[in-house]
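Below you'll find the structure, written out as structure tokens, and then a few comments.
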Amino acid sequence: MKKGQVHVTETILVVFIVLIILIIGVVGYYRFSFEKNKSLEGELSERAATIMLAKAINLDELACGDGDCVDAGKFLPFRRVLGEDFGRFRSIFGRKKIVFRQIYPVLDENVFDVECDTAKYIQIDYPNNCGKWTVYEFNPENEYGSKISTIVSLYYPEFDKYVVGRLEIDHYDTIRK
Amino acid sequence: MNKKGDMNLMFKWIFGTIAGAFLLSFFVNFSITHLEGESLIEGNKMSVFIDDKLDALGLGEGGNVLELEDDFLVGFECGSISVGEWEDDNYAERSTDKVIFSGGRLEGDTINMWTQKWEFPYRIVTFNYLSNLRNYYVLVHDAGNSEDVLNLASNIPNNMNFQTVGSSAFNPSDFSGQAKYADKFTFVFFGSSGYTVEQIKNSFYGDVKVEIIEINLDENTGKIYDNYGNSEDVFYLGDEMLYGLMFSGTGYACTKDRAMERFRTITQIYDYKVQRLMGKANEPDCLNLLNEGRKMLTSFLGVSHKPEFYNYFEKIERQNRRLREKSCSTIY
Amino acid sequence: MTRLESKGQSEVIGLMVIVVILILMGMFYLGFSNIADSKSSVGERRGLEAENALKAVMKLDLEDYGANVEDLVVNCGNGDCSGLESALIDVYSVVLRPGESYKFSAYIDGVKIYEFGECNLGLVSSYPFPKNGLFYEVKFKLCG
Chain D
38 MKKGQVHVTE TILVVFIVLI ILIIGVVGYY RFSFEKNKSL EGELSERAAT
88 IMLAKAINLD ELACGDGDCV DAGKFLPFRR VLGEDFGRFR SIFGRKKIVF
138 RQIYPVLDEN VFDVECDTAK YIQIDYPNNC GKWTVYEFNP ENEYGSKIST
188 IVSLYYPEFD KYVVGRLEID HYDTIRK
Chain A
7 MNKKGDMNLM FKWIFGTIAG AFLLSFFVNF SITHLEGESL IEGNKMSVFI
57 DDKLDALGLG EGGNVLELED DFLVGFECGS ISVGEWEDDN YAERSTDKVI
107 FSGGRLEGDT INMWTQKWEF PYRIVTFNYL SNLRNYYVLV HDAGNSEDVL
157 NLASNIPNNM NFQTVGSSAF NPSDFSGQAK YADKFTFVFF GSSGYTVEQI
207 KNSFYGDVKV EIIEINLDEN TGKIYDNYGN SEDVFYLGDE MLYGLMFSGT
257 GYACTKDRAM ERFRTITQIY DYKVQRLMGK ANEPDCLNLL NEGRKMLTSF
307 LGVSHKPEFY NYFEKIERQN RRLREKSCST IY
Chain Y
11 MTRLESKGQS EVIGLMVIVV ILILMGMFYL GFSNIADSKS SVGERRGLEA
61 ENALKAVMKL DLEDYGANVE DLVVNCGNGD CSGLESALID VYSVVLRPGE
111 SYKFSAYIDG VKIYEFGECN LGLVSSYPFP KNGLFYEVKF KLCG
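Here is the structure:
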């Protein structure tokens, strides 16, 4: 092979290899960018859920008149109003599940996962016949969620009684609404 | 021999120039695309940041100053928070459930915030009043209402950039110095203004936006004159909404409608709550009082005229007091 | 091999080495920039938990004790702290997560009258209330 041909071949080879490395670098960078944005989405989702924890306790639709507790007498009315105007609340809460539970006084373990609804409400042993109120749920793509929770003061206006409850929020790793 | 060497060199130069130009254009395009994407993310992050700060402040009541990283143009147009001009790369818009009374668009690196919980008669929603140092508010009272106006003013935190003056001492040209640094001047007259927007603008140099609001404290009504002198009649429900009228001016009507939507939602919730409480009431007195309360709430939902709002406000307040006195479950 | 050929080959190898070094540097940079900036919301939630753990319990109606925690604190100020202690053990054993510890202290007009639990570092929340002309304050520290 002539010297010139060898030289040109070498040059072409080097350029080719450099191009390959360049492509790998660009693909790698875009993947990195995509992953970074995905983790940013997850981080924002968790932050939004943390903010929702504080907000949900102080939500005017659910809070007691003095704002220092959550009014259990508003849970079922809120669910009814939610059903009538779901779109608006979906834009406020996003893809989440919001659940309130009574934790003290301790309820019977058989009722821990029993949903409180109108049928349970009108029974004489309410609120000892059910363990949770799911006030909001929107997860159309059945995603797996992460759960965060905090302690709340729950008030039963029917009995003028305060108990200790827990607010649980399942948030899904997306901030789409 | 030399010609062959020259050809080789020339080929290398041509090849290097073409390949180099191609690579350079690729990298420049890559950088611009990346920078545009980052700008968009920055705009969105800023709107999320402001929304989160409003959430935090809304948990209580009070004034605060929000420091932004840089100068931003932030818009609060009835249910949305926008950052930047809409034709900019970093323009971001985010819908919000908050009720924000603001003079429209705020430019700068700080936003002054104040929150109050609106009660009518029960807690309905938190009102957020936003302003900045380039928006000025002047409250003008006359002899008959100076005490009421000064009382109102005493609740407003100092960071909201307002001042009070008596109508006898009021002269628009006194504010021309401040107007040089202002985006907007809002004059709130408690009574008749005696000035038009045009007259006040003529006292100022430059192109400052001027709005005039005339408030009638006895009737709970207001008249807004925009920068072009067009007027709009409005009413308000409670002091919290009056503050909203003062700080939003022409943007008041839409924000008030959003507040009224929340009012209907909360009133509906109380209506349903009282219906359920009636099912659990053992005492006939409590049952009767709750039933009366429920009827009031149902009527309250359908009210549209200002006098009726205040009428039912007092009735429901009284009814709740009666329920409390009889040790019954209360409405709120 | 002539000197001219080996020169060309060593040039290419040199170029490759530089490119490989640059790639490795880039990978290190990307790796480290990914680690930073992971602001967790856990701290904010712990603060909220500490505040709510106290507020909710102070409002709690204790049917077994015929009083609420505020009344038990007042009784403790009058000399009888047994009710308060057993109520705290009862309630917080259920309300807090397994393994979580706390310290509960009560003050009258700034003077400590009662303390229960052990904790050095933690998030503190406070609940003041006036009663019978005295200024009571309860502090709750959620450990960890």
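Chains as they are written, first to last, in the working numbering: chain D, 38 to 214; chain A, 7 to 338; chain Y, 11 to 154. Beta carbons are placed, not taken as given, at the ideal position from N, Cα and C, and that holds for glycine.
When only Cα atoms are considered, GLU320 (chain A) and GLU178 (chain D) end up about 47 angstroms apart.
Counting C-beta atoms within 10 angstroms of its own C-beta, SER92 (chain Y) has fewer than 16 neighbours from the protein chains shown and is therefore classed as exposed. Relative to the Cα of ASP180 (chain A), the nearest Cα in the group A:VAL144, A:GLU83, A:ASN233, A:PHE28 belongs to A:VAL144. Shown here, ALA156 (chain D) sits in a helix according to DSSP, grouped into three states.
Counting the other CB atoms within 10 Å of its CB gives SER101 (chain A) a total below 16, which places it among the exposed residues. Chain order gives the chain D residues near ASP71 (chain Y) as LYS198, TYR199, where near means a beta carbon separation below 7 angstroms. Separation of the CB atoms of HIS147 (chain A) and THR132 (chain A) is rounded to 27 angstroms, and the pair is thereby denied contact status at 8 angstroms.
Using a C-beta cut-off of 8 angstroms, the stretch 241-253 of chain A makes contact with the stretch 112-128 of chain A, since at least three inter-stretch Cβ pairs fall below that distance.
ALA63 (chain Y) reaches chain D at ILE188, counting residues in chain order whose Cβ is nearer than 8 angstroms.
Counting along the chain, LEU79 (chain A) sits inside no alpha helix (DSSP H); it lies in the beta strand (DSSP E) bounded by residues 68-82. Taken in chain order, the members of the stretch 78-92 of chain D whose beta-carbon sits within less than 9 angstroms of a beta-carbon on chain Y are GLU80, GLU83, ARG84, ALA86, THR87, ILE88, LEU90, ALA91. Judged by DSSP in its simplified three-state form, GLU93 (chain A) adopts coil rather than helix or strand. Beta-carbon to beta-carbon, ARG138 (chain D) and GLY102 (chain D) are separated by about 22 angstroms, too far to satisfy the 8 angstroms threshold. Take PHE78 (chain A), set aside five residues on each side of it, and the residues of its chain with a beta-carbon closer than 8 angstroms to its own are MET52, VAL89, GLY90, GLU113, GLY114, ASP115, in chain order. Across the set A:LYS312, A:MET16, A:PHE21, the C-alpha of A:LYS312 shows the shortest separation from the C-alpha of THR227 (chain A). The shortest C-alpha to C-alpha distance from VAL280 (chain A) to any of D:ASP97, D:ILE61, D:LEU90, D:LYS111 is the one to D:LYS111. The C-beta of GLN274 (chain A) comes closer than 9 angstroms to at least one C-beta of chain D. Of all residues in the stretch 113-134 of chain A, only TYR128, ARG129, ILE130, VAL131 place a beta-carbon less than 7 angstroms from a beta-carbon of chain D. Classified as buried, MET89 (chain D) has 16 or more neighbouring CB atoms from the shown chains inside 10 Å of its CB. Residue contact check for GLY26 (chain A) against chain D: no CB pair falls below 9 angstroms. The contact set of VAL67 (chain Y) on chain D, defined by CB atoms closer than 9 angstroms, consists of TYR141, ILE188, SER190, VAL201 in chain order. Following the DSSP letters along the chain, one finds ALA149 (chain A) in no beta strand (DSSP E), marked with neither H nor E.
The C-beta distance from ALA287 (chain A) to SER237 (chain A) rounds to 50 angstroms, too long to meet the 8 angstroms contact threshold. In this structure GLU59 (chain Y) is in contact with THR187 (chain D), their Cβ atoms being roughly 5 angstroms apart against a cut-off of 8 angstroms. Interface residue (Cβ-Cβ distance to chain Y less than 9 angstroms): LEU50 (chain D) is classified as such. PRO108 (chain Y) sits in coil when the DSSP states are folded into three classes, being neither helix nor strand. Within the DSSP bridge table, the entry for GLY132 (chain Y) names Y:CYS153 as partners.
ILE28 (chain Y) counts as exposed, since fewer than 16 other C-beta atoms from the protein chains shown sit within 10 angstroms of its C-beta.
Residues of the stretch 146-168 of chain D that bring their beta carbon within less than 9 angstroms of a beta carbon in chain Y are absent altogether.
Close to GLU80 (chain Y), with beta-carbon spacing below 8 angstroms, lies no residue of chain D; the smallest spacing is near 11 angstroms.
Close to chain D, meaning a Cβ-Cβ distance shorter than 7 angstroms, are the following residues of the stretch 253-283 of chain A: THR271, ILE272, GLN274, ILE275, TYR278, LYS279, ARG282, LEU283. Judged by pairs of C-beta atoms under 8 angstroms, the stretch 57-71 of chain Y touches the stretch 121-140 of chain Y, as three or more such pairs exist. In chain order, LYS169, THR171, GLU205 place their CB closer than 6 angstroms to the CB of VAL136 (chain D), counting only its own chain and leaving out the 5 sequence neighbours on each side. Beta-bridge partners assigned by DSSP to TRP120 (chain A): A:GLY69, A:TYR135. Apart from sequence neighbours up to five positions away, the residues of its chain that approach LEU60 (chain A) with a beta-carbon distance below 6 angstroms are LYS104, ASN134, ordered along the chain. Between VAL189 (chain D) and ALA66 (chain Y), the C-beta gap is smaller than 9 angstroms, which places the two residues in contact.
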